[in-house]
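Heads up: the structure comes next, in structure tokens.
In my numbering, the protein residues as written are 12 to 307.
Given below as structure tokens:
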């Protein structure tokens, strides 16, 4: 190939539309699924959108990037969908929209793809990503959302909620209650919950803010940070034994008397709220703690 022809070919490729350089293929799969069945979707990059509907079938639509293909395995009770990338590499990610039956179980797994889940009514929701964000609303009996560097935003109504991230933030509201667990290393955690039975939230360097509509009789709340501050807001009708401790941070509380050592930093609080039916423990190494009564 002479130099002029080669230069013309390079110029043509550079000026060509993206659809010419990166070929895409359409996806349109419909598969039956029994009530309460399981749906699994795996995608590396791009985006995943999930919506619920009343049909007893799974539908996957969208586009695959150049060289990608969709692997499908299904039975009456299980549908598995996986986007396979050429040589395991991610070029242009797949853009997918998944419709799942109500009362089904859903598991999604991505690397850099964002996950957007809405209008669902599921038995169980599990979503995992590395650097993508997870956004979820609707309702599910059990929920588990995991990210590494992505943010988690939940507006789900559920009685069992588990949220984990390393450097991303966690924000949950919308009616979650019952049993709640939230864990982050450097990301902040903000929880606005209904009445809880068990709540465990921990951060290392992130701020921890919790508001709850109440604590069930005999319930327990445990909040811990290393260098982050902690804010807990509960209704005045709460019944629990409250214990709070800091090594170098300050404690302010609407109930009880804060004890401070004569020499050295830190403070502690041991107080009874109402009848003292439940247990509340708040610990921060170097962050401040604030306990407020008078929430919902």
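Each residue gets a CB set at the ideal place from its N, CA and C atoms; glycine is no exception.
Since the structure is predicted, the reported quantities are computational estimates derived from the model, not experimental observations.
Secondary structure at residue 182: strand, using DSSP grouped into helix, strand and coil. Cβ-Cβ distances below 8 angstroms link residue 228 to 250, 288 and 289 in the same chain, with the five nearest sequence neighbours on each side left out; the list follows chain order. According to DSSP, residue 88 shares a beta bridge with no other residue. Apart from the 5 residues on each side of it in sequence, residue 147 sits with its Cβ closer than 6 angstroms to the Cβ of 128, 165 and 167 in its chain, given in chain order. With the rule of 3 Cβ pairs closer than 8 angstroms, the stretch 250-260 does not count as touching the stretch 194-208. As computed with DSSP, residue 44 is found in no beta bridge at all.
Per DSSP, reduced to three states, the secondary structure at residue 39 is strand.
Secondary structure of residue 67 (DSSP, three-state): coil. Closest in C-alpha terms to residue 80, from the list 203, 191 and 105, comes 105. Shown here for residue 268: same chain residues with a beta carbon closer than 8 angstroms to its own, the five before and five after excluded, namely 280 and 282 in chain order. The straight-line gap separating the alpha-carbon atoms of residue 156 and residue 245 is approximately 25 angstroms. By the Cβ criterion, the stretch 80-91 is in contact with the stretch 41-52, since at least three pairs of Cβ atoms, one from each stretch, lie closer than 8 angstroms. Rounded to whole angstroms, the gap between the alpha carbons of residue 141 and residue 54 is 11 angstroms. The C-beta separation of residue 124 from residue 58 comes to about 5 angstroms, placing the pair in contact by the 8 angstroms criterion. Going by DSSP, residue 151 is part of the beta strand (DSSP E) stretching over 145-157.
In this structure residue 83 is exposed. Its beta-carbon is surrounded by fewer than 16 other beta-carbon atoms within 10 angstroms. Residue pairing of residue 110 in beta bridges, as defined by DSSP: 62 and 70. In the structure shown, residue 246 falls within a coil segment according to DSSP collapsed to helix, strand and coil. Scanning the stretch 195-255 from its first residue to its last, the whole beta strand (DSSP E) runs of 3-plus residues come out as 200-213, 219-236 and 241-245.
By a beta-carbon distance limit of 8 angstroms, residue 239 contacts residue 214. Their separation comes to about 5 angstroms. When the five nearest sequence neighbours on each side are left out, the beta carbons in the same chain lying within less than 6 angstroms of the beta carbon of residue 120 are those of 53 and 139, in order along the chain. In this structure, the alpha-carbon of residue 226 lies about 11 angstroms from that of residue 190. About 4 angstroms separates the beta carbons of residue 71 and residue 40, which is inside the 8 angstroms limit, making them a contact pair.
Under the 10 Å beta carbon count, residue 96 is surrounded by 16 or more other beta carbons and is classified as buried.
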